[in-house]
Amino acid sequence: MEIQRLSLSHFRNYEQAEVCFSSGQNLIFGENAQGKTNLLEGAAYLSGARSHRTRGDKELIQFGQEKAAVCGTVLSRERIFSIEIFLFRHGRRQMLLNGVKQKTTASLSDTLRTVLFTPEDLFLIWSGPAARRRFLDQTLCQLRPRYAQALSQYHRLQEHKTRILRDWEQKPSLLSTLDTFNGDMARYGAILISYRAKYVQILGEIFCKIHSACSGNREQPSLVYETVSTVADPFAPVEQIETWLLEHQASHRAAEQAVKSCLSGPHKDDFLVLLDGRPLKAFGSQGQVRTAALSLKLAEREVHFFDRKEYPVLFLDDVLSELDERRQSFVLNQITEGQVFITCCQKMPLLEQEGNAEFRIEHGVIFPAEDAPQRENE
Ligand code: ATP
Ligand code: MG
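Just so you know, the numbering used here puts 303 at position 309 of the sequence shown, and the rest follows in order with no gaps.
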């Protein structure tokens, strides 16, 4: 998978920009606040019209402008796709895939898959469960459209149920609708649990291999998926999981009404990273925690490869400068295949490979290095 060409119009601090990328490693360097992360954000936006930094599209539109455009040419499954996304300050965004309007983002995320790695990911293990759930959700949404659908339904139901629990004292009649919401949440929740359990299992196997290679086989790492306590086996059929979720909801009904929030369901899921059977979060050294986070991210990329036999586009935003030399070279050696974008403040040597490219960013203008690739017909 690769982004061959990207054009940005009034996107963040880019007035107009057009750039052709290398199919290997692309180094993007420049001083702080010049637009390096913005460029990655724009490139990644082609996949699923989602930004890792904001949930609101309006923030992506350049200050003082009414509309923005992110367009690109993508190579995926040995075919060329054109993706065009138009954002409006006062209106709904438009998405086109090969010139055809798209109602949802599903086909965009299926066409271009991406993995993003930022310095915050190095704290994945120390962060709260929400960050780890996001980590699972991001990949699963890209891998399985059915998961993405179930997740968005689940979130919608959860928001609605939270409003009922918040307002029921003023309006007791609201409680009569709670059973319907609980039933639907259990149905979609069971789908989420089933996918998450399988994904954590596969991810765990790859994670162990990468972690051992990075840490010199000293410790035995493992991942353990944690979900609703009544779910005795997350690999059980979804109908069975649904029944267990309903049981848990029933036993937490009074507590939910008392604290006025949703206590029961996979929106509280987490996974534990263990080293020699002990939770890394509690006992790990800084170096161990970083190595594990790094290995998780690199494992995520491998899972995509297993699924499609094609590497997703990898974005490393500022992350290499955060790593010591040994880990830097470990990462660079793990990512010799597939398209990679690396941002940093200083120009740095990349792995010796044909076709790598360098771009300097200054005030929202991209200056390709002399040996940057020139594609025909672009
Ligand atoms: P760093 O090295 O500090 O991470 P960076 O090169 O990654 O810097 P970016 O995060 O890409 O910097 O941001 C570059 C600039 O874009 C910032 O000065 C920011 O204020 C500006 N910016 C962000 N959103 C918009 C917007 N909607 N319109 C115009 N400029 C914006
Ligand atoms: Mg940045």
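Even for Gly, the Cβ is constructed at its ideal location relative to N, Cα and C.
Coil, strand or helix - residue i by DSSP
| i | result |
| --- | --- |
| Gly24 | coil |
| Lys262 | helix |
| Asp312 | coil |
| Glu72 | coil |
| Val222 | coil |
| Ala11 | strand |
| Met89 | strand |
| Leu257 | coil |
| Val297 | helix |
| Phe80 | strand |
| His246 | coil |
| Leu145 | helix |
| His357 | coil |
| Glu241 | helix |
| Ser1 | strand |
For residue j and residue i, the rounded distance between their alpha carbons
| i | j | result |
| --- | --- | --- |
| Leu169 | Ser245 | 16 Å |
| Glu316 | Asn26 | 15 Å |
| Val218 | Ala276 | 15 Å |
| Ala144 | Val232 | 13 Å |
| Ile74 | Leu91 | 11 Å |
| Arg127 | Glu356 | 36 Å |
| Phe5 | Leu54 | 6 Å |
| Leu110 | Gly58 | 29 Å |
| Ser1 | Leu269 | 45 Å |
| Asp365 | Cys202 | At Asp365, the pLDDT of 46 sits below 50, so the modelled position is not reliable; the number obtained from the coordinates is stated separately. Distance between the alpha carbons of Asp365 and Cys202: 38 Å. |
| Met179 | Ala142 | 15 Å |
| Phe324 | Tyr8 | 33 Å |
| Lys303 | Ile200 | 15 Å |
| Glu114 | Met342 | 21 Å |
| Glu72 | Asp104 | 14 Å |
| Thr156 | Leu239 | 17 Å |
| Ala125 | Thr174 | 29 Å |
8 Å Cβ cutoff met for residue i and residue j
| i | j | result |
| --- | --- | --- |
| Phe23 | Arg321 | no |
| Thr31 | Asp311 | yes |
| Ser41 | Thr108 | yes |
| Gln93 | Arg(-1) | Here residue 93 is Gly; the residue named in the question, Gln, does not match the sequence. Result no, Cβ atoms of Gly93 and Arg(-1) do not sit closer than 8 Å. |
| Gln251 | Trp162 | yes |
| Ile158 | Pro260 | no |
| Asn20 | Phe335 | yes |
| Asp263 | Glu220 | yes |
| Tyr182 | Leu130 | no |
| Val46 | Ala38 | According to the sequence shown, residue 46 is His rather than Val. Taking 8 Å as the Cβ cut-off, His46 and Ala38 qualify as a contacting pair. |
| Arg87 | Ala43 | yes |
| Ser70 | Met(-5) | yes |
| Ile119 | Gly278 | yes |
Residue closest to residue i, alpha-carbon to alpha-carbon, out of the options
| i | options | result |
| --- | --- | --- |
| Gln56 | Tyr193, Phe80 and Phe361 | Phe80 |
| His298 | Phe201, Gln136 and Glu78 | Gln136 |
| Ile196 | Gln147, Trp162, Glu294 and Asn176 | Glu294 |
| Leu106 | Ala351, Thr337, Gln333 and Met342 | Gln333 |
| Phe229 | Leu217, Leu2, Leu159 and Tyr189 | Tyr189 |
| Thr224 | Phe82, Glu241 and Pro215 | Glu241 |
| Ala226 | Thr48, Glu199, Asp115 and Ala191 | Ala191 |
| Arg284 | Ala37, Phe117 and Gln340 | Phe117 |
| Ser209 | Thr330, Glu304, Ala286 and Lys61 | Ala286 |
| Gln10 | Ile77, Leu33, Thr156 and Met342 | Leu33 |
| Ala351 | Tyr8, Met(-5) and Ser17 | Ser17 |
| Gln214 | Leu151, Gly198, Ala248 and Val222 | Gly198 |
| Ile329 | Cys339, Val307, Gly349 and Gln340 | Val307 |
| Phe82 | Lys97, Glu60, Gln28 and Thr99 | Glu60 |
For residue j and residue i, believed in contact at Cβ under 8 Å, the rounded distance
| i | j | result |
| --- | --- | --- |
| Val64 | Ile(-3) | Actually they are not in contact, since the Cβ atoms of Val64 and Ile(-3) sit about 11 Å apart, beyond 8 Å. |
| Ile204 | Leu292 | 5 Å |
| Val267 | Leu257 | Contact flag wrong, Cβ pair sits at about 25 Å. |
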